[in-house]
Amino acid sequence: MTQRSRGFRSKTRYKLKKTLRAGRSNPITKKIQTFQEDDLVHIIIDPSVHKGQPHPRFHGKTGKIAEQRGRAYIVAINDGNKAKKLIIRPEHLKIQE
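Quick note: the sequence shown, position 55, residue 64 per my numbering, numbers continuous.
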């Protein structure tokens with residue numbers, strides 16, 4: 010028997026699915042949005058943009074912008090009771106109102 014694949018996006022059939030007729034799929038405003046340090050952001054993965062994507066286990070979590078690194082941002086979150094820093098591009102982030 011062959012072993013099944015356990016890739017980066019395994020078990021994400023419904024989590025990483027775009028809604029039908031959602032309008033324009035990749036608006037440029039998502040790419041050029043900027044954040045300041047200590048801003049609270051939601052991690053909402055855009056499945057059509059593969060670059061700068063965090064692991065699907067962090068989809069829906071809220072974190073704080075720690076710093077900027079190139080085009081991406083470093084987002085500090087608590088995963089259980091462990092502090093983690095993720096490198097995420099702005100297409101996958103949404104500011105908390």
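By construction, the Cβ of each residue, glycine as well, lies at the ideal position given by its N, Cα and C atoms.
Keep in mind the model is a prediction, meaning the values are calculated, not measured.
{"Query": "Chain-order list of residues whose beta-carbon lies under 7 Å from that of residue 62 (same chain, five-residue window excluded)", "Result": "54 and 101"}
{"Query": "Short Cβ contact (7 Å threshold) for residue 49 with residue 26", "Result": "no"}
{"Query": "3 or more residues per run - each beta strand (DSSP E) lying fully within the region 19-71", "Result": "49-52"}
{"Query": "For residue 92, the residue or residues it bridges with in DSSP", "Result": "87"}
{"Query": "Rounded distance between the beta-carbons of residue 85 and residue 94, thought under 8 Å", "Result": "5 Å"}
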